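Numbered by UniProt numbering, the letters in the sequence shown go through residues 1 to 171 in order. The beta carbon of each residue, even a glycine, is placed where N, CA and C say it ideally should be. Keep in mind that this is a model prediction, so the values were computed, not measured.
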Amino acid sequence: MTKLSASPLAIYLNDHLAGAAGGVELLRRAARAGRDESAARQLRRLADEVAEDRASLMRVMRDLGVAPSRSRLLLGRLGEKAGRLKTNGHLLSRSPLSNVLELEAMRLGVEGKACCWRTLRILAGTDRRLDPEALDRLLRRAEEQTARLEELREEAAAATFRPDGPEEERG
1 MTKLSASPLA IYLNDHLAGA AGGVELLRRA ARAGRDESAA RQLRRLADEV AEDRASLMRV
61 MRDLGVAPSR SRLLLGRLGE KAGRLKTNGH LLSRSPLSNV LELEAMRLGV EGKACCWRTL
121 RILAGTDRRL DPEALDRLLR RAEEQTARLE ELREEAAAAT FRPDGPEEER G
C-alpha cells in the first residue's frame with residue numbers, strides 16, 4: 001500500500017506549502033527593500049495574510065493526513081533566496097526593475113495559491129474532511145491579494161519604465 005505522504009495530493013500540497021514559505025519571505029524582504037511607506041505597509045500586511053494562509057494550508061494538510069515535507073520547505077526557502085542573485089542590471093545596489101519582477105513573482109505565487117484553494121474546493125465535494133466555506137473564504141482572500149499586488153505592480157512598472165528613466169535613478 002502506498003503511503004499517503006507520497007500521494008500526488010500530498011506532493012501537490014507540500015509544493016504549495018513550500019511556495020507559501022518562500023512567498024512569505026519574499027513579501028517580508030520586499031517590504032524592507034526601500035519602497036515608499038504605503039507600498040511597504042501593504043506588503044507587510046500581505047506577508048501576514050500569506051503566513052495565515054500558510055497556516056490554513058497546514059491545517060488542511062493535517063486534516064487530510066498529509067505530513068509537511070521538510071525537504072520541500074527547505075527547497076522553497078532556497079528558491080526564494082536564489083531569486084535574489086539576479087542583478088537586474090545593478091551589481092552593488094538594488095535595481096528599480098527588482099520591484100517590478102518581485103511583484104510579478106508575488107502575484108504569480110498568490111495566483112497559484114488560489115488554484116490550490118480551487119482544487120481543494122472541488123475535492124470538498126466528495127471529502128468531508130475539507131470545509132467548503134473555509135476554502136471559499138481563502139479563495140476570496142487570494143483573489144483580493146492578487147488585485148492588491150496588481151495595483152502595486154502597475155505602480156512599480158509605471159515608475160520603472162518611464163521614458164525619462166526610473167524615478168529612483170533620476171534623483
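Would DSSP call residue i helix, strand or coil?
i, result
"Thr146", "helix"
"Asp63", "helix"
"Pro68", "coil"
"Arg32", "coil"
"Asp131", "coil"
"Ser7", "coil"
"Leu91", "Because Leu91 sits at a pLDDT of 47, beneath the cut-off of 50, its placement in the model cannot be relied upon, and the following sentence gives the value as read from the coordinates. Coil, per DSSP."
Give the range of the alpha helix (DSSP H) segment to which residue i is assigned.
i, result
"Arg162", "Premise fails: Arg162 is in no alpha helix (DSSP H) and is neither H nor E."
"Arg121", "96–123"
For residue i, count the other beta carbons within 10 Å of its own beta carbon; 16 or more makes it buried, fewer makes it exposed. Which is it?
i, result
"Arg59", "exposed"
"Ser38", "exposed"
"Ala20", "buried"
"Arg141", "buried"
"Pro96", "buried"
"Arg128", "exposed"
"Ala55", "exposed"
"Asp53", "buried"
"Gly109", "buried"
"Arg137", "exposed"
"Lys3", "Note that Lys3 has pLDDT 49, beneath the 50 cutoff, so the model's placement of it is unreliable and the number below is only indicative. Exposed, by the Cβ-count rule."
Within a Cβ cutoff of 7 angstroms, which residues of the same chain sit near residue i, ignoring the five residues on either side of it in sequence?
i, result
"Arg45", "none"
"Ala158", "none"
"Ala156", "Asn99, Val100, Leu103"
"Ser69", "Asn14"
"Gln42", "Arg148, Leu152"
"Thr160", "Pro96, Leu97, Asn99, Val100, Pro166"
If I measure Cβ to Cβ from residue i and keep anything under 6 angstroms in the same chain, skipping five residues before and after, which residues do I get?
i, result
"Leu152", "Ala39, Leu103"
"Ala51", "Val24"
"Pro8", "none"
"Arg28", "Ala47"
"Asp164", "none"
"Val66", "Ala10, Leu13"
Can you list, in chain order, the residues of its chain with a C-beta nearer than 8 angstroms to that of residue i? Leave out the 5 residues immediately preceding and following it.
i, result
"Tyr12", "Cys116, Thr119"
"Glu154", "none"
"Pro132", "Arg121, Ala124, Gly125"
"Ala114", "Leu139, Ala142, Glu143, Thr146"
"Gly112", "His16, Gly19"
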